[in-house]
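The structure appears below as structure tokens.
Residue numbers (this note's numbering): 1 to 535.
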């Protein structure tokens, strides 16, 4: 545990990408395969199922620290992170340098995960023994693992870079091997860095190619060159996925590495006619005879493991394919976009019922494409995708390969009503906000936003929130309605689950409207009409 604790501290102290990769590579180079497997799992964002709830941990902390519960609550609210609060309150200075004399793998397998088999009293005894015997740094990391909230500013991409250095393999190979289910065992880590013997998991998808956002206000001739270098398609508002068919089996993977076949059986059934050794990249969309349905309809299918006949009938789903990554078991990603597209079109002609084919748009100039983009909302799409015709299928976001040219978002002027502290480095600042619009003489909450302000504005607003709190509801503060913010969001729909009657997608703060009074904020009737107009 000492080595992993030091790695965590080293990663937490730096913002340098190269320094983080170097630190992880040093760790993976000397750690046992079991330790490396668990470290990789935690650092890349995978979590173990929560072992003890936060309310119980706070109760145990009150008893173990001999502090009154109100003081524990105040400390937690001030710090904003339960793992750090525990480490600080239990640090009496008498255990400096005291760490766990077991490896990371042994700690997780033999001490942490076995908490599930214990009675609550036994859990409390074990957990509080850690708190009272470890130094603050180790206690903090143990608590992070215990609460399942180990975030330290490294992405799976950076972890893959570090592992690739140690295994002397291309990063793309490591990233691909980490796709799909991955169990943190010594055997799994050894297989991860082993030379390629052709025995890859038949279900495994490829790492997804992602797009950068394109500023539509610039000179696109200057930025991107001639339009004939680009393949333009609609940017669909669905679930990004890959359909994999190998050795007679069909797998449907989300971008987040989740298997979706049980939720979308009609997509699996349609793909049955495809030949083996095929991987198609595309989007799951709710699609009726009249065309694509709003994303809110697709949401009715997302949260269900199994789907009844009525929902299958009411919200039919199709796979809209726009890229081909494998054919006859050959990896096609190094081919140019135009070549992959040609193969996809040929596959669609041979198997027309297997999927829908994404349309390639005819635009002879950027003005032509801008005119098409202007019709996006009526077509229920988010804008355009631009893909270099001579580009390979990259891993992750590579500037210059794919661009998303989205329509301007919807905007609403809303009043700040509630605030809550953030997470990670901003856990001691109020950065999570709830906004409201007018319904008669009442302000009705309708959206939450967590991004859009710069550091100076966050600091200013945090100080104001602390001075103008009206009430507290656990970690949430209600504040005096004095400030108006312009919010932007990609989609809006009517919703019976929300008090406001509307639900918005991807809300964020555009600007602090210091020029507006609270009375100038938008009204709920207007927001509802907007939702009806785009449905």
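Every residue gets a Cβ at the ideal spot worked out from N, C-alpha and C, and that includes glycine.
- [ ] State the DSSP-derived secondary structure class of residue 482, mapped to helix, strand or coil.
- [x] In this structure, residue 482 counts as coil in the three-state DSSP scheme.
Task: Alpha-carbon spacing of residue 221 relative to residue 472, whole angstroms - done: 53 Å
TODO: For the beta strand (DSSP E) holding residue 144, just list the boundary residues, first then last.
DONE: Looking at the DSSP string, residue 144 is not in any beta strand (DSSP E); the run it does join, the alpha helix (DSSP H), is 136-147.
Open item on the list: DSSP three-state label for residue 374, please.
Closed with: coil
TODO: Could you pull out every unbroken alpha helix (DSSP H) segment of at least 4 residues lying fully inside the stretch 467-527, listed in chain order?
DONE: none
Task: As assigned by DSSP and simplified to three states, the class of residue 35 - done: Under the three-state reduction of DSSP, residue 35 is assigned to helix.
Open item on the list: Using only the alpha-carbon positions, how far apart do residue 171 and residue 160 sit?
Closed with: Residue 171 and residue 160 have their alpha carbons spaced roughly 6 Å apart.
Open item on the list: Quick check on DSSP: helix, strand or coil for residue 403?
Closed with: strand
Task: Reduced DSSP secondary structure (H/G/I, E/B, other) of residue 443 - done: Residue 443: strand per DSSP, three-state reduction.
- [ ] Can you tell me the Cβ-Cβ gap for residue 385 and residue 235, rounded? I've got them flagged as a contact below 8 Å.
- [x] About 5 Å separates the two Cβ atoms, so the contact holds.
Open item on the list: Below 8 Å, how does it come out for the stretch 256-267 and the stretch 221-231: are there three or more Cβ pairs, yes or no?
Closed with: Look at the beta carbons and you see the stretch 256-267 not touching the stretch 221-231: under three pairs across the two are nearer than 8 Å.
Open item on the list: Let's see if you can read the secondary structure: which residues bound the alpha helix (DSSP H) around residue 258?
Closed with: Looking at the DSSP string, residue 258 is not in any alpha helix (DSSP H), and its letter there is neither H nor E.
Task: Exposure label - residue 405; buried when at least 16 CB within 10 Å - done: buried
Open item on the list: For a test of the three-state rule: what should DSSP assign to residue 383, helix, strand or coil?
Closed with: strand
TODO: Please state whether DSSP places residue 163 in a helix, a strand or coil.
DONE: In the three-state reduction of the DSSP assignment, residue 163 falls in the helix class.
- [ ] Whole angstroms is fine: what's the gap from residue 103's alpha carbon to residue 480's?
- [x] Answer to the nearest angstrom: the Cα atoms are 51 Å apart.
Open item on the list: Our contact map puts residue 388 next to residue 401 with C-beta atoms below 8 Å; I'd like the distance itself, whole angstroms only.
Closed with: 6 Å
- [ ] Measure the C-alpha to C-alpha separation of residue 381 and residue 264 and round it to an integer number of angstroms.
- [x] 21 Å
Task: residue 341 classed as buried or exposed, judged by whether at least 16 other C-beta atoms fall within 10 angstroms - done: buried
Open item on the list: Do residue 210 and residue 26 count as a contact pair if the criterion is CB distance below 8 Å?
Closed with: no
Open item on the list: Does the structure place the stretch 181-199 close enough to the stretch 269-282 that three or more beta carbon pairs sit under 8 Å?
Closed with: no
TODO: Would you grab the beta carbon distance between residue 366 and residue 317 for me? Rounded to a whole angstrom, and I think it's under 8 Å.
DONE: With a Cβ gap of about 33 Å, residue 366 and residue 317 do not count as contacting.
Task: Closest residue to residue 421 among 395, 390, 445, 465 (Cα-Cα distance) - done: Comparing Cα-Cα distances from residue 421 to each of 395, 390, 445, 465, the minimum goes to 465.
Task: the stretch 434-452 touching the stretch 518-527, judged by at least three CB pairs closer than 8 Å - done: Touching, yes.
TODO: Specify the secondary structure class of residue 219 as computed by DSSP and reduced to three states.
DONE: coil
Task: Cα-Cα separation between residue 6 and residue 71, rounded to whole angstroms - done: For residue 6 and residue 71, the gap between their C-alpha atoms comes out near 30 Å.
- [ ] Look up residue 71 in the DSSP assignment and give the residues it is bridged to.
- [x] DSSP lists no partner for residue 71.
Task: DSSP-derived helix/strand/coil call for residue 345 - done: Secondary structure at residue 345: helix, using DSSP grouped into helix, strand and coil.
Task: residue 302 classed as buried or exposed, judged by whether at least 16 other C-beta atoms fall within 10 angstroms - done: exposed
Task: Whole alpha helix (DSSP H) elements within the stretch 290-322, 4-residue minimum - done: 295-302, 309-314, all fully within the stretch 290-322.
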